[in-house]
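Asks: Residue numbers (the working numbering), protein chains in the order written: chain A, 18 to 181; chain B, 186 to 535.
Beta carbons are placed, not taken as given, at the ideal position from N, Cα and C, and that holds for glycine.
All of these numbers come straight from a predicted model, not from anything done at the bench.
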Amino acid sequence: MNVLCQHCKEVKATVHIMDNFPEKRERHLCEECAIKEGVIFKQNQETTNEILHEFLKHKVVGLKEGDDLTCPQCGMSFREFQSRGLLGCPHDYDIFRDALLPLIQRAHEEADHHVGKVPVRVDENVRKQTGLLRLRRELKEAVEQEDYEVAARVRDQIQSLEST
Amino acid sequence: MKLDDLTGKMGEWLRGESSMSDVVISSRVRLARNIAGYPFLSTASDSEQSEVYRLLADEVSAVVGDEDALFVDMNQADDIARQLLVERHLISRQHAESEGSRGVTIWPDERRALMINEEDHLRIQGLRSGLQLEGLWEDVTGLDDALSGRLDFAYDKQLGYLTACPTNVGTGIRVSIMLHLPAMRLTKEIDRVIRAARDMRLAVRGLYGEGTDAVGDFYQVSNQTTLGKSEPEIIRSFEENIIPKIVGYERAARESLAEDHQHRLDDRIWRAHGALASARTIGTEETLALLSHVRMGIQMGRFDLINIQTLNDLFLHIQPAHLQKMAGRPLDGAGRSVFRAQYLREKLAV
Chain A
18 MNVLCQHCKE VKATVHIMDN FPEKRERHLC EECAIKEGVI FKQNQETTNE
68 ILHEFLKHKV VGLKEGDDLT CPQCGMSFRE FQSRGLLGCP HDYDIFRDAL
118 LPLIQRAHEE ADHHVGKVPV RVDENVRKQT GLLRLRRELK EAVEQEDYEV
168 AARVRDQIQS LEST
Chain B
186 MKLDDLTGKM GEWLRGESSM SDVVISSRVR LARNIAGYPF LSTASDSEQS
236 EVYRLLADEV SAVVGDEDAL FVDMNQADDI ARQLLVERHL ISRQHAESEG
286 SRGVTIWPDE RRALMINEED HLRIQGLRSG LQLEGLWEDV TGLDDALSGR
336 LDFAYDKQLG YLTACPTNVG TGIRVSIMLH LPAMRLTKEI DRVIRAARDM
386 RLAVRGLYGE GTDAVGDFYQ VSNQTTLGKS EPEIIRSFEE NIIPKIVGYE
436 RAARESLAED HQHRLDDRIW RAHGALASAR TIGTEETLAL LSHVRMGIQM
486 GRFDLINIQT LNDLFLHIQP AHLQKMAGRP LDGAGRSVFR AQYLREKLAV
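1) Buried or exposed for B/S477, going by 16 or more other Cβ atoms inside 10 Å?
2) Can you give me the Cβ contacts of A/Q122 inside the same chain, cut-off strictly under 8 angstroms, excluding the 5 residues immediately before and after it?
3) Over what stretch of residues does the alpha helix (DSSP H) that includes B/D243 continue unbroken?
4) Check distances from the C-beta atoms of the stretch 205-221 of chain B to those of chain A and list, in chain order, the residues that come in under 8 angstroms.
5) With a threshold of 16 other CB atoms inside 10 Å of the CB of B/G320, please say whether the residue is buried or exposed.
6) Please classify B/A512: does DSSP put it in a helix, a strand, or coil?
7) Find the residues of chain B that neighbour A/A128, judging by a C-beta separation of less than 8 angstroms, and give them in chain order.
8) Is it the case that the Cβ atoms of B/T466 and B/A526 are separated by a distance below 7 angstroms?
9) Short of 7 angstroms in beta carbon distance, which residues of its chain neighbour A/V171, apart from the five on each side in sequence? Order them along the chain.
10) Who are the near neighbours of B/D207 in its chain, counting only those whose CB is closer than 6 angstroms to its CB and skipping five residues on each side?
11) Kindly give me the distance between the Cβ atoms of B/I454 and B/F488, rounded to whole angstroms, as I take these residues to be in contact under 8 angstroms.
12) State the Cα-Cα distance for the pair A/L117 and A/Y110, rounded to the nearest angstrom.
13) Indicate whether at least one CB of chain B lies closer than 7 angstroms to the CB of A/C14.
14) Buried or exposed: B/I246, going by 16 or more other Cβ atoms within 10 Å of its Cβ?
15) Name the chain A residues whose beta carbon is nearer than 9 angstroms to that of B/G320?
16) In whole angstroms, what is the alpha-carbon distance linking A/Q174 and A/Q162?
17) Within 7 angstroms (strictly less), CB to CB, does B/K430 reach chain A?
18) For B/N302, is the classification buried or exposed, using 16 other Cβ atoms within 10 angstroms of its Cβ as the cut-off for buried?
19) From B/L332 to B/A298, what distance separates their C-alpha atoms?
20) Could you work out which residues of chain B lie near A/P89, taking near to mean beta carbons separated by less than 8 angstroms?
21) Who are the Cβ neighbours of B/L475 in its own chain at under 7 angstroms, not counting the five residues just before and after it?
22) DSSP state of B/A221, grouped into three classes?
23) Roughly how many angstroms separate the alpha carbons of B/R239 and A/K41, rounded to a whole number?
24) Does the beta carbon of B/Y238 sit closer than 7 angstroms to a beta carbon anywhere in chain A?
25) Let me know if A/S12 comes out buried or exposed under the rule of 16 or more other beta-carbons within 10 Å of its beta-carbon.
26) With 7 angstroms as the threshold, decide whether the Cβ of B/H280 is near any Cβ in chain A.
27) Under a CB-based cut-off of 7 angstroms, is A/T64 close to chain B?
28) Quick one: does B/S230 have its CB under 7 angstroms from some CB of chain A?
29) With a threshold of 16 other CB atoms inside 10 Å of the CB of A/Y165, please say whether the residue is buried or exposed.
30) Rounding to the nearest angstrom, what Cα-Cα distance links B/V360 and A/K134 in this structure?
31) Throw me the rounded Cβ distance for the B/R267 and B/A281 pair, which I believe falls under 8 angstroms.
32) Looking at chain A, is there any beta carbon in it that lies within less than 7 angstroms of the beta carbon of B/D343?
33) Can you tell me whether B/Q494 is buried or exposed? The criterion is at least 16 other CB atoms within 10 Å of its CB, across all chains shown.
34) Name the chain B residues that come within less than 9 angstroms of A/A124, Cβ to Cβ?
35) Mapping DSSP to helix, strand and coil, what is A/H29?
36) Are B/E197 and B/S314 closer than 7 angstroms when you measure CB to CB?
In structure tokens:
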């Protein structure tokens, strides 16, 4: 069947369905319009996965042609990571840090620092640093939103954490 | 607890409690953790993977204490048992289908589960019906604390919890909310949800997560950003912003259907029930699609031949592994369709 999409009237229709709600009618849509209309469902995993995918096939800044980093602990090379999408061991984050950070930032709305939970068994200092990072960001946001009540509370929390 | 004890029970994710349960089916939180000093599973040898498994199984059983939890060694479980756990949303498809030493521990109320050696060494999972994120987070963070008091998790000062895939690094948290959006599907407004989700950096998936279709008008919405925000912050954004917004869209779509297409809508709902109650052979997808419209009818007060509990029960038990457990024997596709139709007729007999 060679008809144009009834919706955009530009692209050849590839999705042909008998719709019966609210009225019975034949519909001929292109894939894009069919997704828009909810006739077919395409997942939007591309947000993270596409970033990952794009990044993985992309040449890495700071990594010269033919040059490849390999983790001495698990033997994973950066190229191997690029083809698999999974790292080999926690140490890879140190070995590949410079190459990984741009990907991590793109996948996480430009963030490059953890501000959440800290393991129970971790250096007190790490816990304090992470807490401070989080509070400072919360303070910045509160000020931006002109929520001075929250800002004052967060400022107090920062001071008390700093003095511990 | 034994695996067979689960079969007859209502799944936690379908209990249908809490506010917004007309649209929100269930909430789930997962935390990804790895044990420091071991490679991730992508490079772990079989013996390293077994070692991680044994180590975690021991620590997990210490944390479980004398609660009547269910431990499943995935290598010992047959196909139907593994599929059953997927259908109850207790493990991921990936966990059911992959190989090597791996397992899952499930608390009797199915609200908490620990997957060992999925993509990461440990996935701590909390599951609740409806939108109940606060209690859910307490469950999950409590388990995390209990385990992190006994084990060293791979952690980096700058990047937080280190995960096999860099897209989970930081908090390692994945919040997924299962939504039932039949009216938006009918009014062809699902695109609004997809667009809103994209703007808020969320993923939209089907009934069983990654790589699955929106069968039965079920959609899973989950966060993609795991770094740079605290866990409570991520959870709050679902509770205060994302979910109320989508629920608002769906309720508006239901209202407009009721106003503009009353007879068409009722026809849909009641015919769906008719087909379910009289089919002689019926597949899973068709059943889910029809149950979806009956559910909408019940929630909108336009259908009252069965109640929501019965309906939720059907959603669970018409799935392949549950059916075969009820039948007490393995059934092929054609056999399942006949058995499913028979089961539906019994349950829906008027």
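Replies: According to the structure data:
1) Along the second sequence, read from residue 1 onward, the residue named residue 477 of chain B stands at position 292. The residue in question, B/S477, is buried, as its Cβ has 16 or more Cβ neighbours within 10 Å.
2) Here the question's residue 122 of chain A lines up with position 105 in the first sequence. If we look at A/Q122 and ignore the five residues flanking it on each side, its Cβ neighbours are A128 and D129.
3) Working through the second sequence from its first residue, we reach residue 243 of chain B at position 58. B/D243 -> alpha helix (DSSP H) spans D231 to V249.
4) Per Cβ criterion, the list reads N219 and A221.
5) Walking along the second sequence from the start, residue 320 of chain B turns up at place 135. With fewer than 16 other Cβ atoms within 10 Å, it is exposed.
6) On the second sequence, residue 512 of chain B is found 327 positions in, with the first residue counted as 1. Helix at B/A512.
7) Working through the first sequence from its first residue, we reach residue 128 of chain A at position 111. For A/A128, the neighbours in chain B by C-beta distance under 8 angstroms run, in chain order, G355, T410, L412, G413 and K414.
8) Along the second sequence, one-based indexing puts residue 466 of chain B at 281. Along the second sequence, one-based indexing puts residue 526 of chain B at 341. Contact: yes.
9) Along the first sequence, one-based indexing puts residue 171 of chain A at 154. Only L152, E155, L156 and A159 meet the Cβ criterion.
10) In the second sequence, residue 207 of chain B corresponds to position 22, counting from 1. Result list for B/D207: Q484, in chain order.
11) Position 269 of the second sequence, counting from 1, holds the residue named residue 454 of chain B. Position 303 of the second sequence, counting from 1, holds the residue named residue 488 of chain B. Yes, they are in contact, since the Cβ atoms of B/I454 and B/F488 sit about 5 angstroms apart, within 8 angstroms.
12) Counting from 1 along the first sequence, the entry for residue 117 of chain A is found at position 100. Counting from 1 along the first sequence, the entry for residue 110 of chain A is found at position 93. Straight-line Cα distance between these residues: approximately 7 angstroms.
13) The structure shown does not extend to residue 14 of chain A, since chain A spans only 18 to 181, so no value can be given for it.
14) Position 61 of the second sequence, counted from the first residue, corresponds to residue 246 of chain B. Here residue 246 of chain B is Ser; the residue named in the question, Ile, does not match the sequence. The residue in question, B/S246, is exposed, as its Cβ has fewer than 16 Cβ neighbours within 10 Å.
15) By one-based count along the second sequence, residue 320 of chain B stands at place 135. In chain order: nothing, as chain A lies at least about 18 angstroms away.
16) As a working mapping, residue 174 of chain A is identified with position 157 in the first sequence. As a working mapping, residue 162 of chain A is identified with position 145 in the first sequence. The straight-line gap from Cα to Cα measures roughly 19 angstroms.
17) Here residue 430 of chain B refers to the residue found at position 245 of the second sequence. For B/K430, the answer is no, since every Cβ of chain A falls outside 7 angstroms of its Cβ.
18) The residue labelled residue 302 of chain B in the question sits at position 117 within the second sequence. Residue burial is scored here from C-beta neighbours: B/N302 has at least 16 other C-beta atoms within 10 angstroms and is therefore classed as buried.
19) Position 147 of the second sequence, counted from the first residue, corresponds to residue 332 of chain B. Position 113 of the second sequence, counted from the first residue, corresponds to residue 298 of chain B. So the alpha carbons of these two residues sit roughly 13 angstroms apart.
20) If you number the first sequence from 1, residue 89 of chain A lands on position 72. Simply none; closest approach about 12 angstroms.
21) Numbered from 1 along the second sequence, position 290 holds the residue referred to as residue 475 of chain B. Excluding positions up to five away in sequence, the list reads A457, A460 and L461.
22) Numbered from 1 along the second sequence, position 36 holds the residue referred to as residue 221 of chain B. Assigned with DSSP and collapsed to three states, B/A221 falls in coil, not helix or strand.
23) Residue mapping note: residue 239 of chain B aligns to position 54 of the second sequence, counting from 1. Residue mapping note: residue 41 of chain A aligns to position 24 of the first sequence, counting from 1. Each residue's CA atom was taken as its position, placing B/R239 and A/K41 some 59 angstroms apart.
24) Translated into positions along the second sequence, residue 238 of chain B becomes position 53. With 7 angstroms as the cut-off, B/Y238 does not count as an interface residue toward chain A.
25) Because chain A in this structure spans residues 18 to 181, residue 12 of chain A falls outside the shown range and cannot be described.
26) On the second sequence, residue 280 of chain B is found 95 positions in, with the first residue counted as 1. At a cut-off of 7 angstroms, the C-beta of B/H280 has no neighbouring C-beta in chain A.
27) The count along the first sequence starts at 1 and reaches residue 64 of chain A at position 47. Note on A/T64: pLDDT 49, under 50, position unreliable in the model; the coordinate value appears next. By this cut-off, A/T64 is an interface position.
28) For the purposes of this step, residue 230 of chain B is taken as residue 45 along the second sequence, with counting starting at 1. Interface annotation, B/S230: not in contact with chain A, CB-CB separation never under 7 angstroms.
29) Position 148 of the first sequence, counted from the first residue, corresponds to residue 165 of chain A. With fewer than 16 Cβ atoms within 10 Å of its Cβ, A/Y165 is classed as exposed.
30) In the second sequence, counting from the first residue as 1, residue 360 of chain B sits at position 175. In the first sequence, counting from the first residue as 1, residue 134 of chain A sits at position 117. About 15 angstroms.
31) Residue mapping note: residue 267 of chain B aligns to position 82 of the second sequence, counting from 1. Residue mapping note: residue 281 of chain B aligns to position 96 of the second sequence, counting from 1. So it is a contact: roughly 4 angstroms between Cβ atoms.
32) Your numbering for residue 343 of chain B matches position 158 in the second sequence. The amino acid at residue 343 of chain B is misidentified as Asp; the sequence shows Gln. Taking 7 angstroms as the threshold, the shortest C-beta distance from B/Q343 to chain A falls below it.
33) Here residue 494 of chain B is taken as the residue at index 309 of the second sequence, counted from 1. With fewer than 16 neighbouring CB atoms inside 10 Å of its own CB, B/Q494 falls in the exposed class.
34) Residue mapping note: residue 124 of chain A aligns to position 107 of the first sequence, counting from 1. The answer, in chain order, is P351, T352, V354, Q409, T410, T411 and L412.
35) The residue labelled residue 29 of chain A in the question sits at position 12 within the first sequence. Reading the sequence as shown, one finds Lys at residue 29 of chain A and not His. DSSP, reduced to helix, strand and coil, places A/K29 within a strand of the structure shown.
36) Residue numbering aside, residue 197 of chain B sits at position 12 when the second sequence is read from its first letter. Residue numbering aside, residue 314 of chain B sits at position 129 when the second sequence is read from its first letter. Result yes, Cβ atoms of B/E197 and B/S314 sit closer than 7 angstroms.
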